[in-house]
Amino acid sequence: MIICSKDFDLGRDRTRISDPKDAARQQCTVDALLDRFFNPRSTQRFEIQILADEVGMGKTFVALGLAYSILAHLKQGRIEADLEGCYQRVLVLTPNNHALYRKWVREVDEFKRRCVLPESQSNNLSFAPLEVDRLDDLAVALRKPGRQPQIVVARMGLFGGGKLLNYKLKRRLLLGVLFRFWGVRFNYECRHRLLKGAPPDWPNNHEGLTVLTEQEDQILPFTEDQLLSILNSLRAADSETLDSLLAVCHKIAEPFYRDRAGAFAIIERKLIDIYRLAVHRSIQRDFPLLIVDEAHNWKNGPLAGTNGFENFSKHIAPHVRRALLLTATPFQLRPEEMIEILKVADFIEPCPTQVESSIRRERLTTFREETLRPALHNSEIQSGTFSRAWVRIPHGVTAEALVDAWNSPDLAAARKKVRAQVNAEGDTTSLTAEMTRLISGAIAGADPDIRQFLKEALYLDAYNAGLSRELGKLVVRHRRQTEHRFFRVGLEYGQTPQSFLSRPDGHILHAAPGLDIRGEAELPQFLLMRCVSEMKQGKGRSSLGSDLTGCYSTLHESAEGRRVKQSLKESPTGRLYLDLLFGMVNKRHDPKHPKLSCVVSEVLQHWNAGEKVLIFCFRINTAERLRDIISNKIRRELEARKRKCLGGEGQIKTLRARLTGRDRDLIVLGLDRILWSFVWARRGQLPLDPRQFILEDNELSELAYLSIVFGVDVTGERVDRVFLNRVTEHLLATRLLKLDTHDPDLCRLLKRMSQREWIADPYGLQYRGEQDDQSEETSSFDERGCHTKYIASENEPDAAEVSGRADALRSTRQRARTQKQIPLLDSYALSPSLWLGADPQGLWQEPASTRSTATLRMLHTYLWQLTDPGELDERSNDSEQGGLDCRTRALVFQALRRALLRESVLLRLLPQRSDLDETGWGELLARSFLADLPNQHESMAHRVAIFLEDVKACSGNIAVPSSARGALYEATRLRDQQFVALVKGGGGNMLATRDRIFNGFNTPLLPEILICTQVGQEGIDLHRHCRHVVHYDLAWNPAVLEQRTGRADRIGSKTFRERDAAADPSTVVLEIGVPFVAGTYDERMYEELRLRAQTFEVLTGGDFAADHADGQDDTMGTQGKELGLSVLPLPPKMISDLRVKLHVWAPPESPEPRPDLAVPALISAATD
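If you read the sequence shown in the working numbering, its first letter stands for residue 1, the second for the next number, and so on.
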């Protein structure tokens, strides 16, 4: 038995886990999986498991916790019998999806950094990712001795063909080994003649083919002797391939052989086949664990061999002892598809010996075919019967009647007894006569209108209870709690959210009126109906076109619009209606569309409040028009704000100059004051008092001296404040070093600052900052000023000049103090700063319990942890002398200034009045930075702290874009980012653009509005700074809606962060907008979507199964198909009772759904 390793704690990751219950659930899941894989009782062992927690609940970290525990067990030498002879490696397979593959590579490092205890991290250097793009790369990695990365991450396509890298070297080695293998059957003379006539890129000498340099040896998956051994061990069927190649070589080696080019092409293909065969055979040992992400990609795998399954089953599966399959959508799969996924177990080798493995596979097959398949089949058949009874409920029956009937004592007692018998019988393939009698007796007194429905519901309850028992041995699934969600449906979307927050069914799709289009907006809908009626020549029913429900001009681009135009071009009456219609549905009228105008207005309100919004569409033209119209509105809003806040273009230029110029007052707002940052990070732990940060009079002489040495005038009207900031820190460090400080971190910092290089270069580095490419908005802060290099003169200053300048400095400071102003020389200690507040000294004196002080403490703690990698138990390659990573700090501050000192952010922080005294802008901006944003429970400063927390938590080098930390930093670069970004899918270079847009949306920077037509359901996180989601175009398939919502509803989301900060958490919700239009095709789609969501809750397979079970929105047919559902909503308690339950953990207090409310079910899948 293997137990969970004590070296990691899934609750240690405070960035990801804010609720201890999430950590408890994940830990319990790891324990359950280990128990099922390695239970001491062989009858309780199941070598394949499906982890099917809903999207965003942390399946990746659960899988890595399982992998870590198994690898730790192998490392300790207490070998579980089933794992004898295994590699100390775990293989992870992802779909070919680039984002998901890269995410897994990053998450391995993230797991180690965030969850592994500090004292154990250095002992587990090998728990790291290894990227494998080709099968022979895997063979090379497995061959290398010593400590190697233990988590091998590969795509499912790894097992297909693909071009071989370093092929000429591999061909040369293979030829040399084949010549040895054939021996006298292909003698020296034959070899000589063969290669003498070879193509130019082939070796022309058969001698020395296997002589390799050390570098060449490192990139081959096997040595000469290993390859020869593999060829000698090939089975008879494989040997035929070698014999066939030998025959071809003999023919070509004959004198005067013609068409050598064609013959060598045949040899080439055969050599490649033999090489790949040898690579497969070179994998000599087994993997203790295989993790397959998005395993529903193999729902037809064993049957059709798709998505790389055929080659996987032949070459890798026989080297796997345990298999963990990850998927969020098991119950939107049809039963046969679920059985197909579980057939992965037919190809693995769960034991060291083939005999015992065969016995284990047979046991799993028997269980799957004789127990699980009938249970799934019975549940599927009964689901169909139940559905038909559900549809036949008379319209006069009310939801309250269903509630009362289902909660009646007779039915409750019958359910309890039937479930008890299901558990006692063990065999759930059929119901006993006693169960049938109990059900018949329970419904005898029920209303005849619903008696048949209740009967079928009780049968379904019994079969699903049996399915829970059997499927629960192979599947673990937890459902997300959704009380934090709030659906604003139809007409609700355009109204104040507070007016609906009290409704008890707001957290699910619920009945509500649609957006009203009576009046002018109704005419295009009517005209389209008339056009369709004319097209059908008055026969059949006219339809309400879906292409008008989101945007008028979309009709021009749609198949429906083209069909109508083509059909009516010869009809005079039809042409009349058509001309009227297309005169009203064009880009000029799009802003008047009722749904579009409502959404644009709502989005603009969120933008004004500094909130990000995620919008999902299907139609590309609609998405493009949304982007264009919202972008134009934002630009106009910015122009209006410029007039209201600043009064005119002149003041705008003044503000930009004051923020940009080294000799202007507002540049200090964004400068790093590293001593201040350090004391905030160590608040309460150091005797250092920020009041000491004011230069003493005797230090002004040294300041005067250094200003002359570096050629900077500090007595003029316009003083270089960047230089003054650096030289002040240098002088303070020199003084503080003389104090008796025992803090080693402070001593390291002060020693670095006391060197002259600190003045000459930013942080004493040879660093000039980075300039951004063009974007919709450039930063108002010029990084070139911050990163100025000052060159010291070699000439010694004149003593009289130094003395005179020092006196001038003292006089200037005294004059400012007399006038009750902040002296320029005291600005380091006293002037406003975004990072220290409007009054740094006053804020420092505030109690630690205030929100502002808590935010600044958090912000500077993360900054210092990034500056001193020792705080995070790691050392960066960029750590300079003293172990400080000032380069990372410099880049982070550049990112922060990009995020905040943009015109659009500043205009939202400034008050809307034009008579503002310009001298108070700095104080006002610093105060606004720490104030809560409108209708939110966090300030801009808190957002910055969260961004720093994310950067701190990420692994890797910030300067390497492929690392987790580098990718996050790369997303902060403005480049071509827009306020409103549109992602339409695509490959190639689009992947990098998509990744940067997604990462940017997950930071406080651009884009602020993200519109997606295709986001995919794999590997995309958009939750850290967004709690507003809009489903603009609807789908018939609820799985798509849930997967898209899940992008912003994940562990560690902004929603949960704000709920934790709010006095009343119920007032903070993830707002999900579904703004359908009343009386149109839109309303018809919403009603079916709402009811179809219920069918996924309680039914297995059948006619109501999802068209795309995975919820993926980047494939054909994603929206699904109409089913024509029209049923009475089920009571929530009935839904809860009928669900298949596969959880291994439940909250300490899990309240039952209120039985007095008949509301639709959650969109999420059918288990809890």
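Virtual Cβ for every residue (Gly too), placed ideally from N, Cα, C.
Cβ shell of residue i (< 7 Å), same chain only, five flanking positions each side left out
i, result
"L731", "L695, E699, E702, L703"
"T1068", "One point to set straight first is that residue 1068 is Val, not Thr, in the sequence displayed. Counting only Cβ-Cβ distances below 7 Å, and skipping sequence neighbours, we find H937, T1055, E1058, R1059, A1062."
"E470", "T371, L372, A375, T428"
"A895", "Y969, T972"
"S754", "H730, A733, T734, L737"
"T210", "L173, G176, V177, E224"
CB-CB length for residue i against residue j, believed under 8 Å
i, j, result
"K170", "L178", "About 12 Å; that fails the 8 Å criterion."
"I291", "L246", "Rounded, the Cβ-Cβ distance is 41 Å, inconsistent with contact."
"S69", "I2", "6 Å"
"A711", "S803", "Sequence check: residue 711 is Gly here, not Ala. Incorrect: roughly 18 Å between the Cβ atoms, too far for contact."
Residue i versus the options, residue with shortest Cα-Cα distance
i, options, result
"T371", "S468, D9, E434", "S468"
"H593", "S852, R1027, Q525", "Q525"
"A899", "R691, P1007, T867", "P1007"
"Y167", "L158, E216, A128, V184", "E216"
"L174", "N378, A278, L1034, L671", "A278"
"S1174", "G610, G574, N586, K536", "A question about residue 1174 goes unanswered here, because the residues of the chain that appear run from 1 up to 1168."
"A964", "P20, E107, T29, P1065", "E107"
"F1076", "P1131, L548, R996", "L548"
"L737", "T94, R388, L675", "L675"
"G966", "L750, Q978, A981, D950", "D950"
"H315", "L158, K417, R322, A446", "L158"
"E717", "G670, L809, D761", "L809"
"G262", "S229, V980, R285, A198", "A198"
"V62", "G837, E903, A32", "A32"
"G574", "E534, C617, I348, Q841", "E534"
"A317", "I48, I151, K417", "I48"
Where residue i falls: helix, strand or coil (DSSP)
i, result
"I1009", "strand"
"A1063", "coil"
"F486", "strand"
"E380", "helix"
"F8", "strand"
"D201", "coil"
"S284", "Correcting the residue type first, residue 284 is Gln in the shown sequence and not Ser. DSSP places Q284 in coil when its eight states are reduced to three."
"C86", "strand"
"H98", "helix"
"A154", "strand"
"I252", "helix"
"Q49", "strand"
"G1073", "strand"
"C886", "helix"
"L1130", "coil"
"D932", "strand"
"S955", "coil"
"R191", "helix"
"D521", "Residue 521 is actually Ala in this sequence, not Asp. If DSSP states are grouped into helix, strand and coil, A521 belongs with coil."
"P335", "helix"
"L93", "strand"
"V211", "coil"
"P129", "strand"
Beta-carbon contacts of residue i that lie in its chain and below 8 Å, excluding the five residues immediately before and after
i, result
"A512", "V489, G490, L491, E492"
"G785", "T660, G661, R662, I667, V722"
"S601", "G494"
heavy atom of the ligand HEM below 7 Å from residue i C-beta
i, result
"L548", "What this structure holds is no ligand at all, so the ligand HEM is not there to describe."
Own chain partners of residue i with C-beta closer than 6 Å, once the 5 adjacent residues on each side are dropped
i, result
"N621", "T554, E557"
"D826", "I694"
Which runs of the alpha helix (DSSP H), 4 residues or longer, sit entirely within the stretch 590 to 674?
You should have 594 to 608, 620 to 646, 649 to 660.
In chain order, each beta strand (DSSP E) run of at least 3 residues that lies wholly inside the stretch 664 to 752
Segments of the beta strand (DSSP E) lying fully in the stretch 664 to 752: there are none.
Kindly provide the ranges of any alpha helix (DSSP H) runs that are 4 or more residues long and lie completely inside the stretch 799 to 865, ordered along the chain.
Here the runs fully enclosed are 799 to 818, 827 to 830, 840 to 845.
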